[in-house]
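First comes the structure, then the notes that go with it.
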Amino acid sequence: MSKEDRKDARRTAFLDAGIAVIAESGIADTKVRDVCRRAELTERYFYESFDNLDTFAKAVIEAVAMQVAGRLFVKAVGIDEAQARLRAVAKELVTILDEDPRVGRILFIEPERAGGALAKLRQQMLYGTTWLMTMWLENPESNDMAVATLPMVTQFMNGGSDAVGPLMGDITTIAMAGAAAEVLMAWVDDRLDMSAEELVDYLLSFLDEAVAWRRKITAADRS
C-alpha cells in the first residue's frame, strides 16, 4: 500500500470505530482515546485525519448518511411508478434501521442531542429526504434520478450543515420531516410496538395525506 492508501485505511478504521463508539456512548461522551482503542490506532493517527472530535463526529454522520443514501438510490433506480418507488425506498430505510439500530441513533438521535452544526446537518438531511419523497408523489413521472437528487446532493456536499432551509422552501416540508423523524426515532428506541411493514404503511399514508392537504391549501390560495 502507498502512504496515501495507508492513511485512507486508517481514516476508514476510525470512522468504523466511531460508528460503534458514538452509538454506544453518544457524541457528548465520546472520547478520542475510546475511538483509538476501538480502531486499534494511536491518537497521532487520529489527528492525522481529524482536527478534533467535532469534525470527527460530522465525518461519521456523513459517512453513515452516504452509505444509507447509496442503498436507497439503488433501491429506487429501475422502479417507474412513483408510489411503488416510494414504498420500496421507505421499506429499505426501515429495513436498514431494523438491521442496524446504530444507524438510527447516529442519523436521527445523536446529532439532535449534540446541537449546533450537527443538528443543522440532521435538519438538512431530513429536509432533503422529505423533498425527494414528496417530489415523487407530486410528480409521478419524475423518473430521472440524477435530476431529482441533484439539488439535495449538491447542497449536502457544499456544506449541508450550514444550509438549514428546506429545499422545498415551505412549512409543509418542515412539518413532514420533523414528524417522520420523530416516528422513526420512537421506533428505533422501541417506543412503538409496530412491525417494519406497519411502520412503512404508516409513513406512506402520512406522506400521502400531507401532500393531499398541501394541494388543497395551494388550490384554495389560487382561487
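Residues in the sequence shown are numbered from 852 upward in steps of one, following the working numbering. Note that CB positions come from ideal geometry on N, CA and C, so glycine has one too.
Per the coordinates, the alpha-carbon of Glu891 lies some 13 angstroms from the alpha-carbon of Ala871. Setting aside the 5 residues that flank it on each side, Tyr896 is surrounded in the same chain by Arg861, each with a C-beta closer than 7 angstroms to its C-beta; the list follows chain order. Between the alpha carbons of Gln974 and Lys926 lies a gap of roughly 23 angstroms. Taking the C-beta atoms as reference points, Val886 is found no nearer than 8 angstroms to Ile957.
Here Ala1026 has Ala1061 as same chain residues with Cβ atoms under 8 angstroms from its own Cβ, once five neighbours each way along the sequence are excluded. Rounded to whole angstroms, the Cβ separation of Val1039 and Phe924 is 22 angstroms, and the two are not in contact under 8 angstroms. Inclusion of Ala914 and Ile873 in the CB contact set at 8 angstroms is not warranted, their separation being larger than that value.
8 angstroms or more divides the Cβ of Ala1047 from the Cβ of Thr881. In this structure, the alpha-carbon of Met1045 lies about 18 angstroms from that of Val940.
For Glu943, the enclosing alpha helix (DSSP H) stretches over residues 933-950. Residue environment analysis places Val954 among the buried positions, since at least 16 neighbouring C-beta atoms fall within 10 angstroms of its C-beta.
Contact annotation, Ala1028 with Leu977: C-beta distance approximately 4 angstroms; criterion of less than 8 angstroms satisfied. The Cβ-Cβ distance between Arg964 and Gly877 falls below 8 angstroms.
Note that the C-beta distance between Ile930 and Arg922 is not below 8 angstroms.
Its chain contains no residue whose beta carbon lies nearer than 7 angstroms to that of Ala1063 once the 5 sequence neighbours on both sides are disregarded. Nearest in C-alpha terms to Leu1055, of all of Ala864, Ala933, Met1036, is Ala933. At the C-beta level, Thr981 and Thr1024 come within 8 angstroms of one another. In this structure, the beta-carbon distance from Phe1057 to Ala1031 falls below 8 angstroms.
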